[in-house]
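Visitor: Sharing a structure, written as C-alpha cells. Questions coming.
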Amino acid sequence: MGVIGLAKKLVNEKKEFVLSKQILRSGTSIGALVREAEHAESKKDFIHKMTISLKEANETRYWLDLLMNSDYMEKKEFEKLNDELTQLIKLLAAIVKTSKLNS
C-alpha cells in the first residue's frame, strides 16, 4: 500500500481526515515535482524542483512518523512505507548533490 492507499484507509477505517490529507498532499507532491523536473527549463530549475521534491519527501516522513506514534498505523505497514521513503530520500538527495556538483 502506498501513500494514496494509506490516506484512503485512514479516512475509511480510522475516520481520520486531517493527517490523511497532509500525508496525501506531501506524498503525491514528490512524484509531481519529479515529473516537473523532467521538463525543467534549465539545470538550475531542475535542481530547484528536485530539492523541493526532497523536502516533500522529508515532510512525508514527518507525517508517517506522526501517524505511527499516534497509533493510526500498524508497525508492519509503517516499516514498509518508511523503508520505501528512506530509499526515495536517499535517491533524491544523491540526484540533488550530483546535479549541484555538475552545474
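For the record, in the sequence shown the residue sitting at position 89 is 89 according to this note's numbering, with numbers rising by one throughout. Just so you know, even glycine gets a beta-carbon here, dropped at the ideal spot from N, CA and C. Just so you know, these numbers come straight off a predicted model, no measurement behind them.
If you drop the 5 nearest sequence neighbours on each side, which residues of the same chain put their C-beta closer than 7 Å to that of K21?
Guide: Locating residue 21 in the sequence shown gives position 21, counting from the first residue. Closer than 7 Å at Cβ, skipping near neighbours: no residue.
Visitor: Taking 7 Å as the cut-off, decide whether the C-beta atoms of I23 and A57 are in contact.
Guide: Start at 1 with the first residue of the sequence shown, and residue 23 comes out as number 23. Start at 1 with the first residue of the sequence shown, and residue 57 comes out as number 57. Cβ atoms of I23 and A57: not closer than 7 Å.
Visitor: Grouping DSSP H, G and I as helix and E and B as strand, with all else coil, what is E74?
Guide: Position 74 of the sequence shown, counting from 1, holds the residue named residue 74. Looking at E74 - three-state DSSP - the assignment turns out to be coil, as it is neither helix nor strand.
Visitor: How is S53 classed by DSSP in three states: helix, strand or coil?
Guide: What you label residue 53 is simply residue 53 of the sequence shown in a count that begins at 1. Three-state result, S53: helix.
Visitor: For V96, I'd like the list of residues in its chain whose CB is within less than 8 Å of its CB, leaving aside the five on either flank, ordered along the chain.
Guide: Within the sequence shown, residue 96 is the residue found at index 96, counting from 1. Closer than 8 Å at Cβ, skipping near neighbours: I47, M50, T51, L54.
Visitor: If you measure between the beta carbons of R61 and L33, is that distance less than 7 Å?
Guide: Counted from its first residue, the sequence shown places residue 61 at position 61. Counted from its first residue, the sequence shown places residue 33 at position 33. No, they are not a contact pair.
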